[in-house]
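Asks: Quick note on numbering: this note's numbering labels position 192 of the sequence shown as 354, and the sequence is numbered without any gaps.
Even glycine gets a Cβ: it sits at the ideal position worked out from N, Cα and C.
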Amino acid sequence: MIKDRLKELQAIVEDVFPNHVNRMDSRNNIRGVDNVALDIQYSEYGYMEHFFDQIEQCRLKIRQIKEHVVLMRTLHGKLLLLPRQDENMKRDIDIKTENVKKMGKQVSTTLKGLEKQINQEEDEFSGDNEQVSAALRIRKTQHATTIHMLVEALAEFNAEQIVYKEKCEERMQKVVCIAKAEISNDQFDELVSQGNYSAVFNGNIIAETLEARSTLQEVQDRHLELMKLEKSIQELRDMFVEMAMLVEKQLYIYSPSIIQVLQQ
Numbered sequence: 163m164i165k166d167r168l169k170e171l172q173a174i175v176e177d178v179f180p181n182h183v184n185r186m187d188s189r190n191n192i193r194g195v196d197n198v199a200l201d202i203q204y205s206e207y208g209y210m211e212h213f214f215d216q217i218e219q220c221r222l223k224i225r226q227i228k229e230h231v232v233l234m235r236t237l238h239g240k241l242l243l244l245p246r247q248d249e250n251m252k253r254d255i256d257i258k259t260e261n262v263k264k265m266g267k268q269v270s271t272t273l274k275g276l277e278k279q280i281n282q283e284e285d286e287f288s289g290d291n292e293q294v295s296a297a298l299r300i301r302k303t304q305h306a307t308t309i310h311m312l313v314e315a316l317a318e319f320n321a322e323q324i325v326y327k328e329k330c331e332e333r334m335q336k337v338v339c340i341a342k343a344e345i346s347n348d349q350f351d352e353l354v355s356q357g358n359y360s361a362v363f364n365g366n367i368i369a370e371t372l373e374a375r376s377t378l379q380e381v382q383d384r385h386l387e388l389m390k391l392e393k394s395i396q397e398l399r400d401m402f403v404e405m406a407m408l409v410e411k412q413l414y415i416y417s418p419s420i421i422q423v424l425q426q
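#1: Within a Cβ cutoff of 6 angstroms, which residues of the same chain sit near Lys240, ignoring the five residues on either side of it in sequence?
#2: Tell me the rounded alpha-carbon separation between Lys278 and Tyr209.
#3: Buried or exposed, going by whether 16 or more other CB atoms sit within 10 Å of the CB of Phe214?
#4: Where do the ends of the alpha helix (DSSP H) carrying Leu244 lie?
#5: Just the C-alpha distance for Phe319 and Glu249, rounded to the nearest angstrom, thanks.
#6: Below 7 angstroms CB to CB, which residues in the same chain sit around Leu237 once its five sequence neighbours on both sides are set aside?
#7: Which of the three DSSP states, helix, strand or coil, is assigned to Ser270?
#8: Which value, in whole angstroms, describes the spacing of the CA atoms of Leu316 and Ala297?
#9: Going straight from the alpha carbon of Val269 to that of Ile280, what length do you get?
#10: Output the distance between the C-alpha atoms of Lys327 and Glu211, rounded to the nearest integer angstrom.
#11: Under a Cβ-count criterion, where at least 16 other Cβ atoms within 10 Å of its own Cβ denotes burial, should Leu243 be classed as buried or exposed?
#12: Using the three-state DSSP reduction, which class does Val295 fall into: helix, strand or coil?
#13: Between His230 and Glu218, what straight-line distance do the alpha-carbon atoms span, to the nearest angstrom?
#14: Given a threshold of 16 other Cβ atoms within 10 Å of its Cβ, counted over all protein chains shown, does Ser394 qualify as buried or as exposed?
#15: Alpha carbon to alpha carbon, how far is Leu233 from Lys336? Give it in angstroms, no decimals.
#16: Buried or exposed, going by whether 16 or more other CB atoms sit within 10 Å of the CB of Gly266?
#17: What number of angstroms, rounded off, separates the C-alpha of Glu392 from the C-alpha of Glu286?
#18: One question on the structure: do Met405 and Ile324 come within less than 8 angstroms of each other, judged by their Cβ atoms?
#19: Suppose the cutoff is 6 angstroms on Cβ atoms and the five residues either side in sequence are ignored; what does the same chain contact list for Ile300 look like?
#20: Taking all protein chains shown into account, decide if Thr303 is buried (16 or more other Cβ within 10 angstroms of its Cβ) or exposed.
#21: For Glu314, count neighbouring C-beta atoms within 10 Å of its own C-beta (all shown protein chains included) and say buried if the count is 16 or more, exposed if not.
#22: Tell me which residues share the same chain as Glu387 and place their Cβ nearer than 8 angstroms to its Cβ, disregarding the 5 neighbours each side in the sequence.
Okay, here's the thing in structure tokens:
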């Protein structure tokens with residue numbers, strides 16, 4: 163005859179999941195290993211499904227960020243070759259830049275929310291490592307990996323912005339030289355920071371000429387673009403550093419390229 167061990171199993175469940183069983187009691191006074199196990203199973207399955215949906219959405223946005231970087235690199239190259247700024251290209255770049263910032267913030271917010279949930283769950287099992295479920299370990303790994311992916315994507319975008327900014331500055335300096343302005347590197351840096359390019363073309367540094375006046379507009383346009391780039395780089399850097407700190411908390415080792423961006 164099979165011995166009835168239901169009470170023994172109930173005692174084990176109460177010992178391993180006391181909080182869960184107490185919640186079951188207060189909710190509907192239903193006890194029993196079968197009810198507790200089913201509740202845990204369905205709850206865990208539903209949570210995992212929702213978790214992976216969020217992770218997949220994050221990774222989709224990260225892939226889109228990387229695709230935007232490739233497209234922007236192409237547009238930057240074309241724009242630098244043009245004698246005058248192309249408004250359609252500039253508008254396209256601005257839209258893609260805003261999209262990257264928007265997607266980056268969305269992914270960042272989602273990942274920080276998931277981190278909070280994981281930390282809360284870890285605290286519940288802090289007294290007994292054996293109770294940490296395989297599902298929790300999977301969530302931690304997927305979460306940390308996705309953060310790392312976001313940091314790399316933001317690093318690529320940040321690097322592209324910096325390269326484009328440097329090339330814009332080189333282009334501006336060439337334009338000034340073509341206009342035969344005798345200007346030192348220090349004077350040029352001051353112009354970039356202040357934006358007072360009319361001084362270059364109004365006789366303070368060179369004599370006013372029709373060619374110089376026609377060149378002034380291009381230089382001023384480039385300067386406005388530089389100012390937007392500076393703002394964009396700073397905004398992305400703040401987000402990048404925040405995510406990199408989360409990576410550090412997960413004990414990931416940065417690649418040399420990521421460390422270099424952090425130190426800029």
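Replies: The answer reads as follows:
#1: As a position in the sequence shown, residue 240 is number 78, starting the count at 1. Closer than 6 angstroms at Cβ, skipping near neighbours: no residue.
#2: By 1-based counting over the sequence shown, the position of residue 278 is 116. By 1-based counting over the sequence shown, the position of residue 209 is 47. In this structure, the CA atom of Lys278 is about 14 angstroms from the CA atom of Tyr209.
#3: In the sequence shown, residue 214 corresponds to position 52, counting from 1. It counts as exposed.
#4: On the sequence shown, residue 244 is found 82 positions in, with the first residue counted as 1. For Leu244, there is no enclosing alpha helix (DSSP H), as DSSP marks it with neither H nor E.
#5: Here the question's residue 319 lines up with position 157 in the sequence shown. Here the question's residue 249 lines up with position 87 in the sequence shown. Distance between the alpha carbons of Phe319 and Glu249 is about 22 angstroms.
#6: For the purposes of this step, residue 237 is identified with residue 75 of the sequence shown, where counting begins at 1. Taken in chain order, the residues that qualify are Met251, Asp254 and Ile255.
#7: On the sequence shown, residue 270 is found 108 positions in, with the first residue counted as 1. Correct three-state label for Ser270: helix.
#8: By 1-based counting over the sequence shown, the position of residue 316 is 154. By 1-based counting over the sequence shown, the position of residue 297 is 135. For Leu316 and Ala297, the distance between alpha carbons rounds to 29 angstroms.
#9: If you number the sequence shown from 1, residue 269 lands on position 107. If you number the sequence shown from 1, residue 280 lands on position 118. Our two residues, Val269 and Ile280, have alpha carbons roughly 16 angstroms apart in a direct line.
#10: For the purposes of this step, residue 327 is taken as the residue at position 165 of the sequence shown. For the purposes of this step, residue 211 is taken as the residue at position 49 of the sequence shown. Those two C-alpha atoms are separated by around 43 angstroms.
#11: The count along the sequence shown starts at 1 and reaches residue 243 at position 81. Burial call: exposed.
#12: The residue you call residue 295 lines up with position 133 of the sequence shown. What sits at residue 295 in the sequence shown is Ser, not Val. Three-state result, Ser295: coil.
#13: Residue 230 sits at position 68 when you count from the first residue of the sequence shown. Residue 218 sits at position 56 when you count from the first residue of the sequence shown. Counting only the Cα atoms, Glu218 lies some 18 angstroms from His230.
#14: Here residue 394 refers to the residue found at position 232 when the sequence shown is read from its first residue. So Ser394 ends up on the buried side.
#15: One-based indexing of the sequence shown puts residue 336 at position 174. One-based indexing of the sequence shown puts residue 233 at position 71. One C-alpha to the other measures close to 26 angstroms.
#16: Your numbering for residue 266 matches position 104 in the sequence shown. Gly266 comes out buried.
#17: Position 230 of the sequence shown, counting from 1, holds the residue named residue 392. Position 124 of the sequence shown, counting from 1, holds the residue named residue 286. When rounded, the distance between both Cα atoms is 44 angstroms.
#18: Here the question's residue 405 lines up with position 243 in the sequence shown. Here the question's residue 324 lines up with position 162 in the sequence shown. If you check the CB distance, Met405 and Ile324 do not come in under 8 angstroms.
#19: The residue given as residue 300 occupies position 138 in the sequence shown. Non-local C-beta neighbours of Ile300 in its own chain, meaning closer than 6 angstroms and more than five positions away in sequence, are absent.
#20: Residue 303 sits at position 141 when you count from the first residue of the sequence shown. So Thr303 ends up on the exposed side.
#21: For the purposes of this step, residue 314 is taken as residue 152 along the sequence shown, with counting starting at 1. Counting Cβ neighbours within 10 Å, Glu314 comes out buried, since at least 16 surround it.
#22: What you label residue 387 is simply residue 225 of the sequence shown in a count that begins at 1. Hits under 8 angstroms: Gln247, Lys252 and Cys330.
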